[in-house]
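**Student:** So for the sequence shown, the working numbering puts the first residue at 9; every next one is plus one.
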Amino acid sequence: MKFEDSEISKSTNYQKVILNFCTYYACDKYFILEVNEGEHFDQQKLETLIRSLLDMYSGFNNLAYVANRVNSYSIDPILWSYFNSEDAIIIASAIVIYRESTFFNANLEKQLSNISIKRASSLKEAIEWIHQLDELQY
């Protein structure tokens, strides 16, 4: 389910940001990303997203990321190495899974990253997990 179609969107303060390959919803300490159907999420797109997030969350260096995988798209798995770098602003991720193929991809991504990754079956489950993260309690 798309974030804007969910009940959670009605009770959450957020800003909607549309880039040419995705839409993200900037919430207080996390953002929800919905990549467009058929995209290939590569290094250039990651850099565009990170620049936009740095503008949106100026001076903020601990964010959680919810990948709401409502659309079918591919991702370069090497991108998860970004989250292992010292300048990464994303400290945890939840991947909302709607298809079996997404589950297998999420397993691989979990193995490639050093950040905490939760595989969730709904937006509600993902956001509840994000809210309990110790790293975001300040």
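We treat Cβ as the ideally placed atom computed from N, Cα and C, and that holds for glycine.
Under DSSP, the beta strand (DSSP E) around K126 begins and ends at which residues?
**Tutor:** That run of the beta strand (DSSP E) goes 124 to 128.
**Student:** Can you look up K24 in the DSSP assignment and give me helix, strand or coil?
**Tutor:** In this structure, K24 counts as strand in the three-state DSSP scheme.
**Student:** In angstroms with no decimal places, state the Cα-to-Cα distance between K126 and K53.
**Tutor:** Approximately 23 Å between the Cα atoms of the pair.
**Student:** Using the C-alpha atoms, what's the distance from V25 back to A34?
**Tutor:** Those two C-alpha atoms are separated by around 7 Å.
**Student:** Taking the alpha carbon of I138 as the reference point, which residue from V78, N76, A72 has its own alpha carbon closest?
**Tutor:** The shortest Cα separation from I138 among V78, N76, A72 belongs to A72.
**Student:** Please name the residue or residues paired with S101 in a DSSP beta bridge.
**Tutor:** Its beta-bridge partners are Y73, I125.
**Student:** Can L27 and V74 be called in contact, C-beta distance under 9 Å?
**Tutor:** It is not a contact, given that the beta carbons lie outside the stated cut-off.
**Student:** For K10, which of D142, Y106, I123 has the nearest alpha-carbon?
**Tutor:** Closest option to K10, Cα to Cα, is Y106.
**Student:** Is S82 helix, strand or coil when you go by DSSP?
**Tutor:** If DSSP states are grouped into helix, strand and coil, S82 belongs with the strands.
**Student:** What does a CB cutoff of less than 7 Å around T56 pick up in its chain, not counting 5 residues either side in sequence?
**Tutor:** Counting only Cβ-Cβ distances below 7 Å, and skipping sequence neighbours, we find L27.
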